[in-house]
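In our numbering, the protein residues as written are 2 to 447. Heads up, the beta-carbon is just placed ideally off N, CA and C, and yes, glycines get one too. Remember, it's a predicted structure, so these values are computed and weren't measured experimentally. Okay, so here's the structure we're looking at.
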Ligand code: SF4
Ligand code: SF4
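In structure tokens:
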């Protein structure tokens with residue numbers, strides 16, 4: 002359990018801005034407790050959805066002050082929204098925690114180190130050029146013998162829990178993650194079925210660049226022209242998750258402008274994304290930007306949702322070769338709870354001949370990634386990561402399919418070296434269809 006800090010200061014005791022009546026439907030039944038990731042590892046009522054709702058009611062009634070101790074019980078929430086799916090009374094805990102998070106950023110509610118660390122993460126992660134600058138000196142270290150040696154020696158413990166967690170999550174850094182490799186427009190193959198935009202995700206494009214390459218190749222092979230604005234930045238998911246609304250709105254506005262300029266007069270049928278954490282925030286742009294007119298002029302869809310709705314093309318289906326592997330699909334929280342998507346990725350995977358899907362027993366429980374949670378709350382996140390990989394490994398699958406970059410990094414961190422590998426469903430589809438991921442380079446530019 003993490004240590005709690007106290008505060009001698011007098012922060013605001015009320016939480017203006019909570020949606021009216023949003024706590025009212027809670028009947029304290031506790032059905033949400035078994036699904037709650039923070040309750041599972043911390044075991045205290047204050048770290049459960051029911052406890053947090055009770056706390057919010059007390060703060061709203063002026064019976065309790067939002068001090069550092071109370072704030073720490075909101076910081077322990079992963080924002081996974083499993084409690085929203087589980088609640089029979091329809092309590093919108095997602096709205097509650099999203100309205101509460103901006104208030105947790107008051108200077109007096111966190112330790113100076115936590116504030117500095119969070120500020121550092123939010124100053125780097127959403128900006129691809131800064132992330133590249135920080136990571137470039139680490140390319141020789143990440144995934145190399147020195148990293149193996151240092152991890153085995155236990156020296157990383159000297160870094161302290163947060164930096165140790167960063168090091169533990171650091172994957173090998175491929176050259177592709179540091180290059181702008183996609184053309185503005187990639188032509189459709191075969192009969193043209195539409196024109197879509199693709200959001201690359203600032204963390205995904207750097208840490209797992211093959212995912213976007215596979216997504217683009219699968220869309221192209223299914224008859225879609227794909228527009229990838231070269232200047233696209235972060236969608237704002239990381240800052241949104243931290244309640245940093247000004248930064249989120251600024252990043253969101255920039256991304257909308259970038260896609261509008263790249264789409265040109267022909268426009269786009271949809272803006273697609275292959276990272277569910279990003280997708281959840283992108284779908285909230287209308288609300289975040291306060292005006293639908295400022296948001297995308299077409300729907301935002303997760304790529305699985307889009308392909309399942311439009312259907313795989315006949316030529317793509319015909320190209321799918323048997324892939325005799327067992328796969329456990331991992332439900333990312335921002336996909337299953339945040340966007341209600343669970344059957345679509347599974348149905349796409351089932352279209353691959355000979356691929357066997359297996360189900361974990363606790364599909365709806367968070368893996369502990371949760372934006373930057375596994376960096377700022379590393380102990381709780383590590384416990385959850387271990388529980389998740391044990392659950393997935395018990396399926397006996399040789400591959401875990403994960404459609405969210407944060408989850409993929411978290412799962413890879415906790416899996417044994419000889420355990421299942423983690424791949425994105427788009428990578429599996431591209432592999433089964435025999436697609437070359439190099440075919441999506443500038444040679445195809447319109
Ligand atoms: S949030 Fe829903 S599930 Fe949880 S205690 Fe309240 S009514 Fe029950
Ligand atoms: S969002 Fe997740 S961690 Fe937070 S209260 Fe709900 S179930 Fe628990």
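I want to check one thing, is the minimum distance from the CB of residue i to the heavy atoms of ligand 1 below 8 Å?
i, result
"residue 75", "no"
"residue 100", "no"
"residue 82", "no"
"residue 92", "yes"
"residue 89", "yes"
"residue 19", "no"
"residue 78", "no"
"residue 26", "yes"
"residue 33", "yes"
Can you tell me whether residue i is buried or exposed? The criterion is at least 16 other CB atoms within 10 Å of its CB, across all chains shown.
i, result
"residue 415", "buried"
"residue 152", "exposed"
"residue 7", "Unreliable positioning characterises residue 7 in this predicted model, as indicated by a pLDDT of 39, which lies under 50. The coordinate reading is nonetheless provided below. Burial call: exposed."
"residue 76", "buried"
"residue 455", "Residue 455 falls outside the range modelled here, since the chain spans only 2 to 447, and no answer is possible."
"residue 24", "buried"
"residue 112", "exposed"
"residue 10", "Here residue 10 scores only 40 on pLDDT, less than 50, and its place in the model should not be relied on; the value that follows carries that caveat. Label assigned to residue 10: exposed."
"residue 404", "buried"
"residue 33", "buried"
"residue 448", "As displayed, the chain neither begins before 2 nor continues past 447, which places residue 448 out of reach and without an answer."
"residue 435", "exposed"
Which one of the options has the shortest CA to CA distance from residue i?
i, options, result
"residue 437", "301, 401, 215", "215"
"residue 455", "40, 428, 249, 413", "Outside the shown range of the chain, which is 2 to 447, sits residue 455, and nothing can be said about it."
"residue 133", "177, 218, 307, 406", "177"
"residue 194", "203, 206, 225, 175", "225"
"residue 357", "341, 330, 365", "330"
"residue 280", "301, 268, 296, 41", "301"
"residue 418", "390, 428, 429", "390"
"residue 184", "198, 364, 48, 93", "198"
By how many angstroms is the C-alpha of residue j removed from the C-alpha of residue i?
i, j, result
"residue 188", "residue 255", "25 Å"
"residue 424", "residue 371", "18 Å"
"residue 338", "residue 323", "32 Å"
"residue 328", "residue 318", "19 Å"
"residue 38", "residue 266", "46 Å"
"residue 333", "residue 367", "7 Å"
"residue 259", "residue 71", "40 Å"
"residue 252", "residue 159", "35 Å"
"residue 205", "residue 62", "43 Å"
"residue 396", "residue 335", "23 Å"
"residue 234", "residue 342", "25 Å"
"residue 26", "residue 210", "43 Å"
"residue 21", "residue 60", "14 Å"
"residue 84", "residue 172", "31 Å"
"residue 1", "residue 64", "Because the chain spans 2 through 447 in this model, residue 1 falls outside it and cannot be assessed."
"residue 148", "residue 326", "30 Å"
"residue 427", "residue 299", "23 Å"
"residue 386", "residue 287", "33 Å"
"residue 150", "residue 114", "28 Å"
"residue 321", "residue 433", "5 Å"
"residue 136", "residue 273", "27 Å"
"residue 31", "residue 87", "10 Å"
"residue 4", "residue 43", "Residue placement at residue 4 is flagged as unreliable, the pLDDT there being 37, under the threshold of 50; the coordinate-derived value follows with that caveat. Cα-Cα distance, rounded: 11 Å."
"residue 283", "residue 373", "18 Å"
Any heavy atom of ligand 2 inside 8 Å of the beta-carbon of residue i?
i, result
"residue 370", "no"
"residue 50", "yes"
"residue 30", "no"
"residue 95", "yes"
"residue 39", "yes"
"residue 56", "no"
"residue 36", "yes"
"residue 85", "yes"
"residue 367", "yes"
"residue 140", "no"
"residue 158", "no"
"residue 111", "no"
Name the two residues that bound the continuous beta strand (DSSP E) containing residue i.
i, result
"residue 137", "Careful: residue 137 lies outside any beta strand (DSSP E) and carries neither H nor E."
"residue 302", "301–303"
"residue 196", "195–200"
"residue 111", "Neither: residue 111 is in no beta strand (DSSP E) and is coded neither H nor E."
"residue 297", "That residue, residue 297, is in no beta strand (DSSP E); it is neither H nor E in DSSP."
"residue 403", "400–403"
"residue 357", "357–359"
Would you mind reading off the limits of the alpha helix (DSSP H) that contains residue i?
i, result
"residue 257", "246–264"
"residue 96", "94–105"
"residue 394", "379–394"
"residue 415", "406–415"
"residue 192", "Looking at the DSSP string, residue 192 is not in any alpha helix (DSSP H), and its letter there is neither H nor E."
Tell me whether residue i, by its Cβ, gets closer than 8 Å to a heavy atom of ligand 4.
i, result
"residue 334", "Of the ligands one can find in the structure shown, namely ligand 1 and ligand 2, none is ligand 4."
Examine chain C for any beta-carbon lying closer than 9 Å to the beta-carbon of residue i, and answer yes or no.
i, result
"residue 262", "Here chain C cannot be found, since the structure has a single protein chain."
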